[in-house]
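Numbering (my numbering), first residue to last: 12 to 468. Backbone N, C-alpha and C define an ideal beta-carbon position, used for all residues, glycine too. Heads up, the thing below is written out as structure tokens.
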Amino acid sequence: MEKTIAAIATSFGEGGISIIRISGDEAYEIVGKIFVPKSGKPLANRRMTYGKIVDPKTGESVDEVLAVYTKAPHTYTTEDVVEINCHGSVVSQRRILEVVLENGARLAEPGEFTKRAFLNGRLDLSQAEAVIDLIKAKSVKTFDVAMDQLEGRFSTEIKNIRKLILDILVNVTVNIDYPDEDIEQLTYENLEKNLYEVKEEIEKLLSTSDTGRIIKEGLNVAIIGKPNVGKSSLMNALLNEERAIVTDIAGTTRDTIEEMVNIRDIPVKLTDTAGIRDTQDVIEKIGIEKSKASFNSADLVIFVVDSSSPLDEEDDRIISLLEDRQVIVIYNKVDLAEKADLGYIQGKLTKATILKTSLTNNLKGLDQVKDKIVELVYGGKVKQEDSVLVTNVRHKNLLDEGLKSITDAIEMTKMHQALELIEIDINNSYELLGQIIGEAVAEDIINEVFSRFCLGK
12 MEKTIAAIAT SFGEGGISII RISGDEAYEI VGKIFVPKSG KPLANRRMTY GKIVDPKTGE
72 SVDEVLAVYT KAPHTYTTED VVEINCHGSV VSQRRILEVV LENGARLAEP GEFTKRAFLN
132 GRLDLSQAEA VIDLIKAKSV KTFDVAMDQL EGRFSTEIKN IRKLILDILV NVTVNIDYPD
192 EDIEQLTYEN LEKNLYEVKE EIEKLLSTSD TGRIIKEGLN VAIIGKPNVG KSSLMNALLN
252 EERAIVTDIA GTTRDTIEEM VNIRDIPVKL TDTAGIRDTQ DVIEKIGIEK SKASFNSADL
312 VIFVVDSSSP LDEEDDRIIS LLEDRQVIVI YNKVDLAEKA DLGYIQGKLT KATILKTSLT
372 NNLKGLDQVK DKIVELVYGG KVKQEDSVLV TNVRHKNLLD EGLKSITDAI EMTKMHQALE
432 LIEIDINNSY ELLGQIIGEA VAEDIINEVF SRFCLGK
């Protein structure tokens, strides 16, 4: 029998209320020792009961509380669960938890409630991981994607692909074990066709992984350009606050400034960089080196150009760095006379999107910048409303490995290799995808997943 566990389920600190969660076969018995209901009646299943927590050793009242008992298996962990709602005082939380632990429970490990939900079959592993994403969601979209995963949409996709693989495996195995029986003969042509179907389904899921990562972790955007072209003005406009100092003096920003913002419900980490130029200023040089590092690690680069000044060597040096990058060119200060050679930029940066703005004139063009960022995130390939997204690195890695095994099986099928050899790769893909939802997954991986949870969840 698993030991009954307990933990503070709400955020630690002051608040209106706090909840101490207890789960396990002895949950009801433990609470019976310390909870005195006002009505004198014992806790009833799915009923909230008013009373107080009393320390059995001293008879001292600890706090007035509301307690709820829910009988297994209709609980989060599928075990008996009692939740004690107390005043949101740090002292109250600690004292009640101490009394619970002294009377038979042990302190839960991080994520142990959700781990029990997984081990008891209420959630598969990908659904359990979605709980972490729900807690850490940075935007409504992040939350919605995690909720879809918790409700099983992603698991269903994985199970459907595994069903396709299993059907192939059964057919291959039967033809290996009973070649002379009266069964449907498997041709290499049909096997190849079926394997390609699996390959396409895995690739379709993997095609969402870049978008999924950005929605979960945020889009890293580096704003670069020469000094005094409007980088800080763009940063402030996107943040809708005066975060970066804006002056007419070149080189005002000497260090990178990082801020998180939601743009059309996409979490974006904006980095306003020091203007890239030749300088003898030691401090500014350090800032420029940090700018280059931010540029190299960015998902998207926004290159700001002063349209009112002719392009020079410093502009050209930056342009040469951008030829193979995903970039938005902000052709700024268009309210002034346009002197920068826009045709030259277009000729050099053929993949870039060029947007004209005037960030000091009613923020002209800012909405276009936001729209373009969203368009680049989704790439025109992922519909926000109905697509299942791969947001978890562990899932992506397993899908990559599963795809490789299927691809290897296809190549061997084309060469008419022995079915026994082809079967190994097909079976490997089946098992790899099973690890995503927690089937035949190693215990150390399970422990690693749940170690990332907070206490009480």
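Can you find the residues in the same chain that come closer than 7 Å, C-beta to C-beta, to residue i, ignoring five residues on each side of it along the sequence?
{"i": "SER72", "result": "LYS63 and VAL65"}
{"i": "ILE433", "result": "VAL183, ALA420, MET423 and THR424"}
{"i": "LEU409", "result": "LEU443, LEU444, GLN446 and ILE447"}
{"i": "GLU13", "result": "GLY35"}
{"i": "ARG57", "result": "THR81"}
{"i": "TYR441", "result": "ARG173, ILE176, LEU177 and LEU180"}
{"i": "LEU234", "result": "Position check: residue 234 holds Ile in this sequence, whereas Leu was assumed. Contacts found: LYS242, LEU245, MET246, LEU281, THR282, ASP283, THR284, ILE313 and VAL315."}
{"i": "SER22", "result": "none"}
Distance, Cα to Cα, residue i vs residue j?
{"i": "LYS147", "j": "VAL92", "result": "25 Å"}
{"i": "ILE28", "j": "CYS97", "result": "6 Å"}
{"i": "SER318", "j": "TYR389", "result": "29 Å"}
{"i": "ARG463", "j": "GLU450", "result": "20 Å"}
{"i": "ILE457", "j": "ILE143", "result": "14 Å"}
{"i": "ASP188", "j": "THR198", "result": "15 Å"}
{"i": "THR402", "j": "SER220", "result": "6 Å"}
{"i": "SER244", "j": "ILE226", "result": "25 Å"}
{"i": "GLU324", "j": "GLU228", "result": "36 Å"}
{"i": "HIS427", "j": "LEU202", "result": "10 Å"}
{"i": "ASP155", "j": "ILE330", "result": "38 Å"}
{"i": "LYS280", "j": "GLY24", "result": "28 Å"}
{"i": "GLU269", "j": "LEU366", "result": "23 Å"}
{"i": "ILE8", "j": "GLU113", "result": "An answer regarding residue 8 cannot be provided, because it is not within the stretch 12 to 468 covered by the chain."}
{"i": "ALA128", "j": "VAL111", "result": "21 Å"}
{"i": "HIS85", "j": "LEU134", "result": "13 Å"}
{"i": "VAL469", "j": "LEU400", "result": "Outside the shown range of the chain (12 to 468) lies residue 469, about which nothing can therefore be said."}
{"i": "ILE31", "j": "SER137", "result": "26 Å"}
{"i": "PRO53", "j": "ILE45", "result": "12 Å"}
{"i": "ASP259", "j": "VAL385", "result": "For ASP259, the pLDDT reaches just 44, beneath the cut-off of 50, and the residue's location in the model is therefore unreliable, leaving the point undetermined."}
{"i": "GLY223", "j": "PRO48", "result": "48 Å"}
{"i": "LYS210", "j": "LEU108", "result": "51 Å"}
{"i": "LYS394", "j": "PHE461", "result": "Its pLDDT being 42, under 50, LYS394 is placed unreliably in this model, and the coordinates cannot settle the point."}
On the CB-based measure, 16 or more other CB atoms within 10 Å of its CB, does residue i come out buried or exposed?
{"i": "SER308", "result": "exposed"}
{"i": "SER429", "result": "The residue asked about is misnamed: residue 429 is Ala in this sequence, not Ser. ALA429 comes out exposed."}
{"i": "TYR61", "result": "exposed"}
{"i": "GLU90", "result": "buried"}
{"i": "TYR39", "result": "buried"}
{"i": "LEU166", "result": "Checking the sequence, you will find Ser at residue 166 rather than Leu. The residue in question, SER166, is buried, as its Cβ has 16 or more Cβ neighbours within 10 Å."}
{"i": "LYS149", "result": "buried"}
{"i": "VAL102", "result": "exposed"}
{"i": "LYS68", "result": "exposed"}
{"i": "GLY413", "result": "buried"}
{"i": "ILE341", "result": "buried"}
{"i": "MET271", "result": "exposed"}
{"i": "PRO321", "result": "exposed"}
{"i": "ASN373", "result": "exposed"}
{"i": "ASN251", "result": "exposed"}
{"i": "ASN171", "result": "exposed"}
{"i": "THR125", "result": "buried"}
{"i": "LYS204", "result": "exposed"}
Using the three-state DSSP reduction, which class does residue i fall into: helix, strand or coil?
{"i": "TYR80", "result": "strand"}
{"i": "GLU168", "result": "helix"}
{"i": "SER320", "result": "coil"}
{"i": "SER72", "result": "strand"}
{"i": "THR282", "result": "strand"}
{"i": "GLY99", "result": "strand"}
{"i": "VAL183", "result": "helix"}
{"i": "GLY449", "result": "coil"}
{"i": "THR222", "result": "helix"}
{"i": "VAL93", "result": "strand"}
{"i": "ALA233", "result": "strand"}
{"i": "LYS63", "result": "strand"}
{"i": "LEU311", "result": "strand"}
{"i": "ASN114", "result": "coil"}
{"i": "ASN56", "result": "strand"}
{"i": "ALA18", "result": "strand"}
{"i": "ASN201", "result": "helix"}
{"i": "GLU13", "result": "coil"}
{"i": "VAL209", "result": "helix"}
Tell me which residues share the same chain as residue i and place their Cβ nearer than 6 Å to its Cβ, disregarding the 5 neighbours each side in the sequence.
{"i": "MET59", "result": "LEU77 and VAL79"}
{"i": "ALA363", "result": "VAL338 and VAL340"}
Short of 8 Å in beta carbon distance, which residues of its chain neighbour residue i, apart from the five on each side in sequence? Order them along the chain.
{"i": "ALA116", "result": "LYS14, THR15, ILE16, ALA17, ILE33, GLY35, GLU37, ALA38 and ILE41"}
{"i": "ARG164", "result": "VAL399"}
{"i": "ASP310", "result": "ILE225, LEU230, ASN231, VAL232 and GLN337"}
{"i": "LYS350", "result": "SER318, SER319, SER320 and PRO321"}
Open item on the list: Runs of 3 residues minimum, wholly inside the stretch 22 to 53: which ones carry the beta strand (DSSP E) assignment?
Closed with: Every beta strand (DSSP E) stretch that sits fully inside the stretch 22 to 53 and reaches 3 residues is listed by chain position as 26 to 34 and 46 to 48.
- [ ] Kindly provide the ranges of any beta strand (DSSP E) runs that are 3 or more residues long and lie completely inside the stretch 363 to 429, ordered along the chain.
- [x] 364 to 367, all fully within the stretch 363 to 429.
Task: Length at least 4, wholly inside the stretch 119 to 171: the alpha helix (DSSP H) runs in chain order - done: Fully enclosed alpha helix (DSSP H) runs of 4 or longer: 123 to 130, 136 to 147 and 151 to 161.
- [ ] Just list the alpha helix (DSSP H) runs in the stretch 328 to 365, keeping only unbroken ones of 4 residues or longer that don't cross its boundaries, in chain order.
- [x] Within the stretch 328 to 365, the complete alpha helix (DSSP H) segments of 4 residues or longer fall at 353 to 359, listed in chain order.
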